[in-house]
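J.: Take this structure, written in structure tokens, and hold onto it; I'll ask about it next.
Number of protein chains: 2
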Amino acid sequence: MSTRPTIKTIAKDTGLSTATVSKALNGSPQVRPNTRDKVLEAAKKLGYEINLSGVQLRTGKTHQIAMITVISSPHDDEWSGVGYAQLVYGVSDVLHDTPYRVVQYQASSYEESFEIIRRIVANRKADGIILPGTRAQDERVEYMQLQEFPFVTYGMTTLAQPHAYVDTHNQRIVSICVERLIAKGHRRIAMLNADAVLMYSQARERAYCQSLEAASLPFDRELIANGELTPAFGREQFFEMSMFDAPPTAYFCANEATAMGVLSGFHVRGYEHGREAVVIATDDLNVSQYFSPPITTCYLPISKPSRVLGEFMLRLLNGEAPEKLQKLFVPDLIERSSDVSVIK
Amino acid sequence: MSTRPTIKTIAKDTGLSTATVSKALNGSPQVRPNTRDKVLEAAKKLGYEINLSGVQLRTGKTHQIAMITVISSPHDDEWSGVGYAQLVYGVSDVLHDTPYRVVQYQASSYEESFEIIRRIVANRKADGIILPGTRAQDERVEYMQLQEFPFVTYGMTTLAQPHAYVDTHNQRIVSICVERLIAKGHRRIAMLNADAVLMYSQARERAYCQSLEAASLPFDRELIANGELTPAFGREQFFEMSMFDAPPTAYFCANEATAMGVLSGFHVRGYEHGREAVVIATDDLNVSQYFSPPITTCYLPISKPSRVLGEFMLRLLNGEAPEKLQKLFVPDLIERSSDVSVIK
DNA sequence: ATCAAAAATATAAACGTTTAACTTAAGATG
DNA sequence: CATCTTAAGTTAAACGTTTATATTTTTGAT
Chain A
261 MSTRPTIKTI AKDTGLSTAT VSKALNGSPQ VRPNTRDKVL EAAKKLGYEI NLSGVQLRTG
321 KTHQIAMITV ISSPHDDEWS GVGYAQLVYG VSDVLHDTPY RVVQYQASSY EESFEIIRRI
381 VANRKADGII LPGTRAQDER VEYMQLQEFP FVTYGMTTLA QPHAYVDTHN QRIVSICVER
441 LIAKGHRRIA MLNADAVLMY SQARERAYCQ SLEAASLPFD RELIANGELT PAFGREQFFE
501 MSMFDAPPTA YFCANEATAM GVLSGFHVRG YEHGREAVVI ATDDLNVSQY FSPPITTCYL
561 PISKPSRVLG EFMLRLLNGE APEKLQKLFV PDLIERSSDV SVIK
Chain B
261 MSTRPTIKTI AKDTGLSTAT VSKALNGSPQ VRPNTRDKVL EAAKKLGYEI NLSGVQLRTG
321 KTHQIAMITV ISSPHDDEWS GVGYAQLVYG VSDVLHDTPY RVVQYQASSY EESFEIIRRI
381 VANRKADGII LPGTRAQDER VEYMQLQEFP FVTYGMTTLA QPHAYVDTHN QRIVSICVER
441 LIAKGHRRIA MLNADAVLMY SQARERAYCQ SLEAASLPFD RELIANGELT PAFGREQFFE
501 MSMFDAPPTA YFCANEATAM GVLSGFHVRG YEHGREAVVI ATDDLNVSQY FSPPITTCYL
561 PISKPSRVLG EFMLRLLNGE APEKLQKLFV PDLIERSSDV SVIK
């Protein structure tokens, strides 16, 4: 037995045809329970394990889930990609006991990611696509819809046709954080936000404006910064904004990396958290509890949306309708530090 | 042209046989340059792209590189897996222009990872394996060697038969850091190290002992802690060790997450960095520059070993000998904060 | 011009699986 | 009892490629 057993081996062993063996293994009702048992027994005895290449060639099913990541600038010194990375684990974990595997596809730009998606779809290189980082009118999403290719996004779009997605409740996050700050007397609240082309960045900006408006506070465009959410970005923006004539007294950061950067800026400039200004953030690793000082955050463990991403993908491949596969997560507010004690 | 072109399509188009088309596409010397051009032209015209399932079934080549990750406890609140995650990107980036893709295989224990590897090898589910987190006498490595399956580890082993690996120069890192601390007057240096079963953890402990010995300093087992390198671990260990009758004046952390935890402990206990104690660490994200205060680290951007991991894999698949594919990276010391100003 | 050798191409089988179409036997129907 | 239906299998083809072997074409020497 030098060579790996196939259904042919089982067929020979049981005296059945390969067709019956195949049907038995796939639980077809066309085969008697009796014979099915015989087949399964033989399979076990011989140590049979299905060869997915055969299946793939015959049926087109690849058992691969493509995970698209767009990392614009792979600079060494930055925290980029950490968020994505954690995403992979949740999905991968959910797929653990299925024949599906997560396959990495890395793009360096939106355009390239579109190109990659086109090739995956056209050549059926995967059975489904998971796409984080959506745009409002995302052409990639439109394309996959048009081609009727299964996909789940991490992030919503404003497209008319519904699709499967998972997202955090951005509007809620922002109103929780901003209204809290306003209630405590903050009038100039900086918002360090993601790249403006991203859907969630836009949603947050809108919510930010609404919260200000509801409190009859003026909107100052200068207090909004968009960029790649790294510590470097946070620190630089702090350096800039803190030099304003009327500098912000609060920095609302779109993730914990950015918050760390702002706190680093505090340290460099001799700021004390809660004296000149405060930092509040969205967090999905809960690493902000280890900052010095720990800061208040809206916390949603990345594993949650990540796992649902995987679950939705499986259900999609099982034939469920995309419009039934949509979920928004509402993070918890975790109060930690004196984010309200700014003397104003 | 509703269906995707195959070599058959090209054969029909050019009037050649599929065999010749196949050879032409693969650059076989058996085909005349003239005909090859004709084939390539037709392929381009028709938009032909090879179907890897066919290749896979015929040749056994899967074009998949399995990346094994062992995440023992997938707790939400922790920074675990971040290191692995970054590894994927470098590999994936190097494979970008090849037909190979990185496929995630996630295990929750050493035993399970072994099981997974056995299945990948036995059923040729991948063309090669990348294995981070080696043990000294790693049975998984032995197994892959025995089965002559291509693999690259991130981390060395003490096995007799050489294999392809990438690693940081642990001995050097430790001696750089520890000797620096000793030179500045530190006598009690805590070492927050990885799980003791891991090869690099052992290597570092050995180097630590050597450095102490060279300086005729006593070795105190209490100053060494092993565990999962998270901020939580760092903080807890700090809490414990700082209560010793003779507490450490320096904490040497095996990664930046642990260092962050120790600094968090400092903050909680009202320590000031450089007064009661200092922190020094190994870093591969260079995120420690944003700590408050920034700390001195031995820095090796994770992208470097990560990319070499991918390169070695490609060369291995190209037939190069494993013993030629070994590389140790020496990190740079980045001096940042007053890690020497402890009054002792 | 002829012929052998070399070069280029063709034929056909194989990889492991699924599935449409077919066969056979047994059971149901009247 | 003849006929129809159903259940449970079988046969054979197909998915797209590579490659061993066979065949044809070209080349170059005589």
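Order-wise, the sequence lines are chains A and B.
Counting in the numbering used here, the first sequence runs from 261 upward without gaps.
Counting in the numbering used here, the second sequence runs from 261 upward without gaps.
Note that beta-carbon positions come from the ideal geometry of N, C-alpha and C, so glycine has one too.
As the structure is a computational prediction, the values presented were derived from the model and not from experiment.
(1) Mind listing the chain A neighbours of residue 538 of chain B? Cutoff is C-beta to C-beta under 8 Å, in chain order.
(2) Would DSSP call residue 604 of chain A helix, strand or coil?
(3) Helix, strand or coil: which one does DSSP assign to residue 261 of chain B?
(4) Determine, using beta carbons only, whether residue 289 of chain B comes closer than 8 Å to chain A.
(5) Mapping the DSSP letters down to three states, classify residue 551 of chain A as helix, strand or coil.
(6) Just to make sure I have the definition right: I need the residues of chain B whose C-beta is within less than 9 Å of the C-beta of residue 491 of chain A. Which are they?
(7) Tell me residue 327 of chain A's beta-bridge partners as DSSP assigns them.
(8) Decide if residue 604 of chain B is buried, meaning its Cβ has at least 16 other Cβ atoms within 10 Å, or exposed.
(9) In chain order, what residues of the segment 421 to 448 of chain A put their CB closer than 7 Å to some CB of chain B?
(10) Count the other CB atoms within 10 Å of the CB of residue 629 of chain B; is the residue buried (16 or more) or exposed (fewer)?
(11) Please list the residues of the segment 511 to 524 of chain B that have a C-beta atom closer than 9 Å to any C-beta atom in chain A, keeping them in chain order.
(12) So, residue 424 of chain A versus residue 576 of chain A, is the Cβ gap smaller than 8 Å?
(13) Mind checking residue 591 of chain A: buried by the 16 CB within 10 Å criterion, or exposed?
(14) Could you check the C-alpha separation between residue 261 of chain B and residue 390 of chain A for me, to the nearest Å?
(15) Report the residues of the segment 553 to 579 of chain B with a CB closer than 7 Å to any CB of chain A, ordered along the chain.
(16) Under the three-state reduction of DSSP, which class applies to residue 540 of chain B: helix, strand or coil?
(17) Using the Cα positions of residue 549 of chain B and residue 538 of chain B, report the straight-line distance between them to the nearest angstrom.
(18) Strictly below 8 Å CB to CB, what residues from chain B border residue 314 of chain A?
(19) Quick check: the Cα distance between residue 518 of chain B and residue 345 of chain A, rounded to an integer number of angstroms?
(20) If I measure Cβ to Cβ from residue 511 of chain A and keep anything under 6 Å in the same chain, skipping five residues before and after, which residues do I get?
(21) Does the beta-carbon of residue 543 of chain B have 16 or more other beta-carbons within 10 angstroms, so that it is buried, or is it exposed?
(22) Give me the residue from B/428, B/431, B/406 and B/429 with the minimum Cα distance to residue 419 of chain B.
(23) Quick one: grab the DSSP three-state call for residue 535 of chain B.
(24) I want to verify the contact list: residues of chain A whose CB lies under 9 Å from the CB of residue 331 of chain B, in sequence order.
(25) Could you check how far apart the C-beta atoms of residue 438 of chain B and residue 403 of chain B are, in whole angstroms? I think they sit under 8 Å.
(26) DSSP three-state label for residue 273 of chain A, please.
(27) Quick check: what's the CA-CA separation for residue 502 of chain B versus residue 462 of chain A?
(28) Do residue 397 of chain B and residue 361 of chain B come within 8 Å of each other at the CB atom, strictly closer than that value?
(29) Please work out which residues of its chain come closer than 6 Å, Cβ to Cβ, to residue 520 of chain A, disregarding the five sequence neighbours upstream and downstream, and give them in chain order.
(30) Pull up the distance between the alpha-carbon of residue 264 of chain B and that of residue 368 of chain A, whole angstroms please.
(31) So, under 8 Å CB-CB, residue 589 of chain A and residue 565 of chain A are touching, yes? Tell me the CB distance rounded to an integer number of Å.
(32) Taking residue 593 of chain A and residue 442 of chain A to be in contact with their CB atoms under 8 Å, please state how far apart those CB atoms are, rounded to whole angstroms.
(33) Is DSSP giving residue 454 of chain A helix, strand or coil here?
(34) Taking residue 313 of chain A and residue 313 of chain B to be in contact with their CB atoms under 8 Å, please state how far apart those CB atoms are, rounded to whole angstroms.
(35) Would you mind reading off the limits of the beta strand (DSSP E) that contains residue 586 of chain B?
T.: In short, the structure shows the following:
(1) Here the premise fails: no neighbours, minimum Cβ distance about 15 Å.
(2) Reliability of the predicted coordinates at residue 604 of chain A is poor, the pLDDT of 45 falling under 50, and no value is obtained from them.
(3) Any reading at residue 261 of chain B needs caution, since the residue's pLDDT is 45, under 50, leaving its predicted position unreliable; the model's value is listed next. The answer is coil: DSSP assigns residue 261 of chain B none of H, G, I, E or B.
(4) Taking Cβ atoms only, chain A never reaches closer than 8 Å to residue 289 of chain B, which makes this a no.
(5) Three-state result, residue 551 of chain A: coil.
(6) Simply 547, 549 and 550.
(7) Among the bridge pairs identified by DSSP, residue 327 of chain A is matched with A/364 and A/390.
(8) At residue 604 of chain B, the pLDDT of 45 sits below 50, so the modelled position is not reliable; the number obtained from the coordinates is stated separately. Residue 604 of chain B is exposed by the Cβ-count criterion.
(9) Taking 7 Å as the Cβ-Cβ cut-off against chain B, none of the residues of the segment 421 to 448 of chain A qualify.
(10) With chain B represented from 261 up to 604, any question about residue 629 of chain B goes unanswered, as that position is not in the structure.
(11) Residues of the segment 511 to 524 of chain B with a C-beta atom less than 9 Å from some C-beta of chain A are 517, 520, 521, 523 and 524, listed in chain order.
(12) Yes. Within cutoff.
(13) It is buried - the Cβ of residue 591 of chain A has at least 16 other Cβ atoms within 10 Å.
(14) Because residue 261 of chain B carries a pLDDT of 45, less than 50, the predicted location of this residue cannot be relied on, and no value is offered for it.
(15) Flagged, chain order: 553, 561 and 563.
(16) Residue state, collapsed to three classes: strand.
(17) Near 15 Å, if we compare the C-alpha coordinates of residue 538 of chain B and residue 549 of chain B.
(18) Neighbours of residue 314 of chain A in chain B, taken as residues at a C-beta separation under 8 Å, are given in chain order as 317.
(19) Across the structure, residue 518 of chain B and residue 345 of chain A are spaced so that their CA atoms are roughly 19 Å apart.
(20) Taking C-beta separations shorter than 6 Å and ignoring five residues to either side along the sequence, the partners of residue 511 of chain A in its chain run 450, 522 and 539, following chain order.
(21) The residue in question, residue 543 of chain B, is buried, as its Cβ has 16 or more Cβ neighbours within 10 Å.
(22) Of B/428, B/431, B/406 and B/429, the residue nearest in Cα terms is B/406.
(23) DSSP places residue 535 of chain B in coil when its eight states are reduced to three.
(24) In chain order: 349 and 353.
(25) In fact, because the Cβ distance is near 35 Å, the residues do not count as touching under 8 Å.
(26) In the displayed model, residue 273 of chain A falls within a helix according to three-state DSSP.
(27) Rounded to whole angstroms, residue 502 of chain B to residue 462 of chain A spans 47 Å at the Cα level.
(28) Result no, Cβ atoms of residue 361 of chain B and residue 397 of chain B do not sit closer than 8 Å.
(29) Cβ neighbours of residue 520 of chain A beyond the five flanking positions: 491.
(30) One C-alpha to the other measures close to 28 Å.
(31) Rounded to whole angstroms, the Cβ separation of residue 589 of chain A and residue 565 of chain A is 6 Å, and the two are in contact under 8 Å.
(32) Actually they are not in contact, since the Cβ atoms of residue 593 of chain A and residue 442 of chain A sit about 14 Å apart, beyond 8 Å.
(33) Three-state result, residue 454 of chain A: coil.
(34) Right, the Cβ-Cβ distance comes to about 6 Å (below 8 Å), so this counts as a contact.
(35) Here the beta strand (DSSP E) through residue 586 of chain B covers 586 to 589.
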